[in-house]
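Down below is the structure, laid out as structure tokens.
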Amino acid sequence: MDILYLLIPVSLVIVFAIGAIFWWAISAGQFDELDRESRSVVRDEDAPPPP
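Numbering (this note's numbering) for the sequence shown: 9 to 59.
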């Protein structure tokens with residue numbers, strides 16, 4: 009039972025840290041233009057650009 013006094017605060021700190029990192033990622037634009045990378049895999053780099 010004494011371990012709960014340690015585990016609950018530690019788990020809350022971890023949850024808040026993950027939330028802060030997620031909030032930073034959203035505000036830094038990490039989730040902007042998710043389609044660009046998927047298109048770059050399919051696009052042929054050796055082909056000439058379309059007219």
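All residues carry an ideal CB built from backbone N, CA and C; glycine is no exception.
Quantities reported herein were computed from a predicted structural model and do not represent experimental measurements.
- The three-state secondary structure of LEU42, taken from DSSP, is coil.
- Going by DSSP, ALA36 is part of no alpha helix (DSSP H) at all; its letter is neither H nor E.
- Each residue's CA atom was taken as its position, placing ARG47 and ALA36 some 22 Å apart.
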